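Engineer: Residue numbering for the sequence shown follows the working numbering, starting at 117 and increasing by one per position. Each residue gets a CB set at the ideal place from its N, CA and C atoms; glycine is no exception. Computed from a predicted structure; not experimentally measured. Mind having a look at this structure? Questions to follow.
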Amino acid sequence: MEYPIWHLTTFGGGFWIALVATIHVFVAQFAVGGGLFLVVAEKMAYRTGSNELLDYVKKHSRFFMLLTMVFGGVTGVALWFTMALLSPEGALVLVREFLFAWATEWVWFVGEIVALLIYYYYWDKMKREDHLKIGWFYFLFAWLSLFTINGVISFMLTPGDWVETRSFWDGIFNPTFWPSLFFRTALCGMLAGLFGFVTASFLKGEEIRCLMVRFCGLWTLVGLLLVLPLGYWYLVALPPEQAMLVMYKSHRVAHFMKIFQYSAPIVLLGGLFMAICAPRKVNFASALILLMVSLIFYGSFEFMREAGRKPYVVWGEVYSTNITAERAKELVGKSILENSKWIPDNLREITADNRALAGEWLYQMQCAPCHAIDGPMNDIVPRTAKYTAAGLDAFISGMGKINKYMPQFIGTYTERMVLAEYIDGLSPEKNPELPDVAESEITPAPFDSGQEYVLMAWSLEGLHLIAEKDRTMIISEKGSIIRAQLLLRGDPPEVVTDDVKIVCSPKGLDKTFEFKAEDGFFQSPALEIDPYTKEAYQPLPPVEVKALDASGNVIAATTIVIPVSTRPGCNNCHGGNWDVPQQGGLAAKTAADIISIHDRDNNTDFSKRIKEGEAIDCMACHDGDIQLDLSTALHGFHAVYLSGRGNDACMMCHPKESLRGVHLDVGMECSNCHGVMENHALALLKSEKDKPAAKQLMALIIPSEYELSEINARVPWSQQPDCLTCHVEFADPESDSAFNKWTKDRSGLFRNRKDEMDAVMCAACHSSPHAVFPASDERDNLRAMQYMGEAKPIGSGGTCTVCHEEDMGYPAHHPGMGLED
């Protein structure tokens, strides 16, 4: 943001750095090992008296000079040029902190140039002993150059104590200096042998070609056999956080680790085959192929090493976005467009007219250094195709927190959303919007004011959200539960429990309720009802509930709806359409993405187990025992990405029909009772605060309008907001927020609470939580309409005669019943 921006699309910044740096360093390391190779080969020629061998070394030295001095020099300049364009802030740190090292390296480099020029041009003009000394001088200068540059390269990955001391020597001799130096030295020897194969393949004499191929094979094999254990030393020398990035946290690393694992045996077996089995059959093509495989082998290692440095160019100092860590802290919550020096003035403020252009500039500043658009490397289009714009916005807000492989987004909420819209527009894949829910007309069961019994029935949950795929991945179980109470009308009415049976008929299958004697209500088994019809999606399917006497006669009946949804918003971030087109259901693609992310972030093997026919039940592990409770885990994880969005955070995952009661009509939202996402999650996490996962997530979530110490812990499903927090003494609400005042245990939940006579369940008169009378959706009001002809709590406003023979003059069930007509 302090420098002009190099606008990149198809070939993003990551491509150019990878291309130029990998090729340059590959050749530069051959320049070290190849120097030693020349001296040893020349000395062997003198010792054996072989003019053919000496002639080969002369020709090889010409190839060596052109490749290392000319091509290597040009690619070195190209590397600095690319670094200066892509990461000028990072280049500035390296130049400023290691000016003495660069000056020293240039001395070594000048020594290399002079020694190599003398070595090549004075073959026949110097004594053999002097010529060999020049060769040794070249190798010494080349290795000292590696020694010096290695300190800077390893510093970028592991600055060590330099972060605190800012000492030049702490920076150079950092934690990975020595393993990196020995690893690269062994690699130099291996490359000397591999390049030697290429030039040896041109030798005409069969005997001399066999000799040199075996000689090159020795260099290759010894170098490779040293590279592997030294590479492991390099890895274990990494600090734990960076080792985790390399080993587990990046899906790109897993890809390159496979390449590394497969290419190493090819180089080993190829070297053995050429040196031992078929030295006479080695030709230019086979030698070049083996050299290219070694480039892939080396390149894959460099990619893995780079992974340990993410999200920084210089670990802990400069982000890959070319923003220093110190500057990033200053810009939290501030506009990056306003604070960037090279942004066009018409983009300083985002308007309706410049959103697309602002998004493009934000992409160039915060994404293009690593990502391409429809390019060959790290293409952002397929990586983000699964997201909606809202899902992208959530992902961007969580960068640098759980997924520390990417830097934290710098900018305002509006800038983040504009960037999300721009990236979303790059992908042709979209999740089509679902049609509005069709409201079917349902006739309530008849009610005769003279009938003897009244049946109260309601759904246990305000909405049962089903999130599972073909019983292979189960986030929430199917099965909705109905509760019911049968009342014998009279003064007073009597709750009937003996010699009656309560049944319901979902989809024509009779289900008998179980009487909960200790609680005084009947409860159905879990009813597996889906919200699908041939005509349209129906999240409120009707169910008729009946009360039967001992003879099987219907003595009371009512019609209610079962609130059930198969529209979790998982595909906002995890991709996929819908399992049932235009209706809902967790798609296979969505489930697979959820599983793969869990595998990546938690080192599980669920994807493999599903392929082997095993079902993954999330609740089996997330039961609150060893692992976090499922509700705690889901809200805690997603709060990292969805903080600062108010009720929109809830709607990202929960369907809009989740809240349908009177509270919706008076303007309340989920957050009025449960708190905003970040506070809601923190309350759950605090109930399991001793678990490592809870501690990790709590450290990433900033509470809103509360201090963390002020948020009261609550156990999911056992403690909920208490109705009486707002409705003090059952009166009209004194507040619009019930957050942070939880019921003591399950007995205090609305679903389990009874009136003050300990007889009638609250939900019998008020209906299901989230759908209390009068509900915004008329289908939820069926029971109220059946018994009173209008939508309101049963028994209120002069309707006591639903259960009583006469209107009551006092609020027996609880104060504030509104008995007046």
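(1) Mind checking which residues open and close the alpha helix (DSSP H) that includes E660?
(2) For the alpha helix (DSSP H) containing C878, name the first residue and the last one.
(3) For P808 and I817, what's the separation of their Cα atoms in angstroms?
(4) Under three-state DSSP, which class holds C686?
(5) For Y348 and L342, I'd like the C-alpha separation in whole angstroms.
(6) In its own chain, which residues sit with a C-beta less than 7 Å from the C-beta of W694, not counting the 5 before and 5 after it?
(7) Is D838 near A854, with beta carbons less than 8 Å apart?
(8) Among the candidates P647, V534, K662, whose CA atom is the shortest distance from the CA of P655?
(9) Output the residue ranges of the beta strand (DSSP E) runs that lie fully inside the segment 282-352 and measure 3 residues or longer, sorted by chain position.
(10) Please report the residue range of the alpha helix (DSSP H) in which T706 lies.
(11) Going along the chain, which residues of its own chain have a beta-carbon closer than 7 Å to the beta-carbon of V268, five neighbours each way excluded?
(12) Check this for me: beta carbons of A353 and P295, under 8 Å apart or not?
(13) Out of A536, S787, C769, E245, point me to the one whose CA is closest to E762's CA.
(14) With a 10 Å radius around its C-beta and 16 neighbouring C-beta atoms as the bar for buried, classify H371 as buried or exposed.
(15) So for C839, helix, strand or coil by DSSP?
(16) If I'm right that V409 touches I382 with Cβ under 8 Å, what's the distance once you round it to whole angstroms?
(17) Under the DSSP definition of a beta bridge, which residues are partnered with A600?
(18) Can you check DSSP and say which residues form a bridge with V616?
(19) Taking 6 Å as the limit between beta carbons, can you name the residues of its chain near V448, skipping five residues before and five after?
(20) Just checking my contact of T198 with I133 at CB under 8 Å: how many whole Å lie between their CB atoms?
(21) Decide if the segment 609-620 is in contact with the segment 658-667; the criterion is three or more beta carbon pairs, one per stretch, under 8 Å apart.
(22) Quick one: measure Cβ to Cβ for E280 and T440, integer angstroms, because I've assumed they're closer than 8 Å.
(23) Between the Cα of S317 and those of L404, K811, W222, spot the shortest distance and give me the residue it belongs to.
(24) What are the complete beta strand (DSSP E) segments, minimum 3 residues, inside the segment 392-470?
(25) Would you tell me roughly how many angstroms separate the C-alpha atoms of A488 and F511, rounded to the nearest one?
(26) Tell whether a beta-carbon distance below 8 Å holds between R605 and F638.
(27) Round the Cβ separation of F417 and L346 to the nearest angstrom and send it over; I've been treating them as touching at under 8 Å.
(28) Here's a check: name, in chain order, each residue in its chain whose Cβ is nearer than 7 Å to the Cβ of P819, leaving out the five neighbours to either side.
(29) When the distance is taken between beta carbons, is A642 closer than 8 Å to R776?
(30) Roughly how many angstroms lie between the CA atoms of E568 and A672, to the nearest whole one?
(31) Could you name the residues that DSSP lists as bridge partners for M515?
(32) If you reduce the DSSP assignment to three classes, tell me which class H920 lands in.
(33) According to DSSP, what are the bridge partners of S681?
(34) Taking buried to mean at least 16 other C-beta atoms within 10 Å of its own C-beta, is I288 buried or exposed?
(35) From the DSSP output, read off the bridge partner residues of E630.
(36) Which one or two residues does DSSP pair with G700 in a beta bridge?
Structural biologist: According to the structure shown:
(1) Taking the first residue of the sequence shown as position 1, residue 660 is located at position 544. Segment 658-665 is the beta strand (DSSP E) holding E660; no alpha helix (DSSP H) there.
(2) Here residue 878 refers to the residue found at position 762 when the sequence shown is read from its first residue. 878-882 is the span of the alpha helix (DSSP H), which, as asked, contains C878.
(3) For the purposes of this step, residue 808 is taken as residue 692 along the sequence shown, with counting starting at 1. For the purposes of this step, residue 817 is taken as residue 701 along the sequence shown, with counting starting at 1. Each residue's Cα considered, the two are about 15 Å apart.
(4) Sequence index remark: in the sequence shown, residue 686 carries index 570 (1-based). Coil.
(5) Here residue 348 refers to the residue found at position 232 of the sequence shown. Here residue 342 refers to the residue found at position 226 of the sequence shown. Going by the C-alpha atoms only, they are around 10 Å apart.
(6) Numbered from its first residue, the sequence shown carries residue 694 at position 578. Closer than 7 Å at Cβ, skipping near neighbours: G700, G701, A703.
(7) The residue you call residue 838 lines up with position 722 of the sequence shown. The residue you call residue 854 lines up with position 738 of the sequence shown. Result yes, Cβ atoms of D838 and A854 sit closer than 8 Å.
(8) The count along the sequence shown starts at 1 and reaches residue 655 at position 539. Ranking the options by Cα distance to P655, first place goes to P647.
(9) none
(10) On the sequence shown, residue 706 is found 590 positions in, with the first residue counted as 1. Run containing T706: 704-718, per the alpha helix (DSSP H) assignment.
(11) On the sequence shown, position 152 is the one that residue 268 refers to. Contacts found: L210, F214, A217.
(12) What you label residue 353 is simply residue 237 of the sequence shown in a count that begins at 1. What you label residue 295 is simply residue 179 of the sequence shown in a count that begins at 1. A contact, by the Cβ cut-off of 8 Å.
(13) Looking up residue 762 in the sequence shown gives position 646. Per the sequence shown, the amino acid found at residue 762 is Gly instead of Glu. That would be S787, whose Cα lies nearest to the Cα of G762.
(14) If you number the sequence shown from 1, residue 371 lands on position 255. By the neighbour-count rule (16 or more Cβ atoms within 10 Å), H371 is not buried but exposed.
(15) Translated into the one-based positions of the sequence shown, residue 839 becomes position 723. Reduced to three states, the DSSP call for C839 is helix.
(16) Locating residue 409 in the sequence shown gives position 293, counting from the first residue. Locating residue 382 in the sequence shown gives position 266, counting from the first residue. V409 to I382, Cβ: 5 Å. Contact.
(17) Counting from one through the sequence shown, the residue named residue 600 turns up at place 484. In DSSP, A600 forms a bridge with A573, F638.
(18) Along the sequence shown, one-based indexing puts residue 616 at 500. Its beta-bridge partners are D665.
(19) As a working note, residue 448 is residue 332 in the sequence shown. Counting only Cβ-Cβ distances below 6 Å, and skipping sequence neighbours, we find nothing.
(20) By 1-based counting over the sequence shown, the position of residue 198 is 82. By 1-based counting over the sequence shown, the position of residue 133 is 17. Right, their Cβ atoms sit about 6 Å apart.
(21) yes
(22) Taking the first residue of the sequence shown as position 1, residue 280 is located at position 164. Taking the first residue of the sequence shown as position 1, residue 440 is located at position 324. That pair is no contact at about 16 Å.
(23) Taking the sequence shown and counting its residues from 1, the one referred to as residue 317 is at position 201. The candidate whose alpha carbon is nearest that of S317 is L404.
(24) 428-430
(25) Here residue 488 is taken as the residue at index 372 of the sequence shown, counted from 1. Here residue 511 is taken as the residue at index 395 of the sequence shown, counted from 1. The straight-line gap from Cα to Cα measures roughly 18 Å.
(26) Numbered from 1 along the sequence shown, position 489 holds the residue referred to as residue 605. Numbered from 1 along the sequence shown, position 522 holds the residue referred to as residue 638. Result no, Cβ atoms of R605 and F638 do not sit closer than 8 Å.
(27) Position 301 of the sequence shown, counted from the start, is the residue given in the question as residue 417. Position 230 of the sequence shown, counted from the start, is the residue given in the question as residue 346. Incorrect: roughly 11 Å between the Cβ atoms, too far for contact.
(28) Here the question's residue 819 lines up with position 703 in the sequence shown. Excluding residues within five positions, the ones whose Cβ falls inside 7 Å are E794, N795, L798, I827.
(29) Indexing the sequence shown from 1 puts residue 776 at position 660. Indexing the sequence shown from 1 puts residue 642 at position 526. Cβ distance not < 8 Å, so R776 and A642 don't count as in contact.
(30) The residue you call residue 568 lines up with position 452 of the sequence shown. The residue you call residue 672 lines up with position 556 of the sequence shown. Taking the straight line from one Cα to the other gives about 8 Å.
(31) Walking along the sequence shown from the start, residue 515 turns up at place 399. Answer by DSSP bridge pairing, in chain order: N519.
(32) Here residue 920 refers to the residue found at position 804 when the sequence shown is read from its first residue. Note: H920 maps to coil in three-state DSSP.
(33) Taking the sequence shown and counting its residues from 1, one reaches residue 681 at position 565. S681 is bridged to L581.
(34) Within the sequence shown, residue 288 is the residue found at index 172, counting from 1. So I288 ends up on the buried side.
(35) For the purposes of this step, residue 630 is identified with residue 514 of the sequence shown, where counting begins at 1. Answer is Q639, bridged to E630.
(36) Counted from its first residue, the sequence shown places residue 700 at position 584. Per DSSP, V696.
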